[in-house]
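Inspection log for the structure reproduced underneath, given as structure tokens.
Numbering (full-length UniProt numbering), first residue to last: 1 to 143.
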């Protein structure tokens, strides 16, 4: 005769940190690139902890794997529009919950070609003519 006592879900999950800081991620990071992993501990064995993003996920830029807490890139990032995110992540065990913040900085990548300003003058150089010095000066900028 054997009696097993089941664990009651009477403890809340607790994140290992109140605030996580991810390393800067380049704006051209691949979809599904790993950004950071969060972890919540629960003294109960009765129910697993699941993770979700509840705030700060503008344009669904990130996703969190519900079972592992791994935060990944979900859509194309753009430093010129958003330079950083602060996600609020929830750990839930079916009854209790805890929250943590995740700071993510986006790193600018030189992803725009230079733009040349219009040049309206025509330059004529005769064949085999030696020209001392500079022929023309053009202006360009990096947007």
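Just so you know, even glycine gets a beta-carbon here, dropped at the ideal spot from N, CA and C.
Asked, Found
"Candidates 31, 92, 36 and 123: which alpha carbon is nearest residue 134's?", "123"
"Under a three-way DSSP split, which group does residue 86 fall into?", "strand"
"By Cβ distance, which residues of its chain are closer than 7 Å to residue 78, with the 5 residues on each side in sequence left out?", "27"
"I'd like the list of long-range same chain contacts for residue 105, defined as Cβ closer than 6 Å, with 5 residues on each side in sequence excluded.", "24 and 84"
"Does residue 50 come out as helix, strand or coil in the three-state DSSP assignment?", "strand"
"What separation, rounded to the nearest whole angstrom, lies between the Cα atoms of residue 14 and residue 112?", "43 Å"
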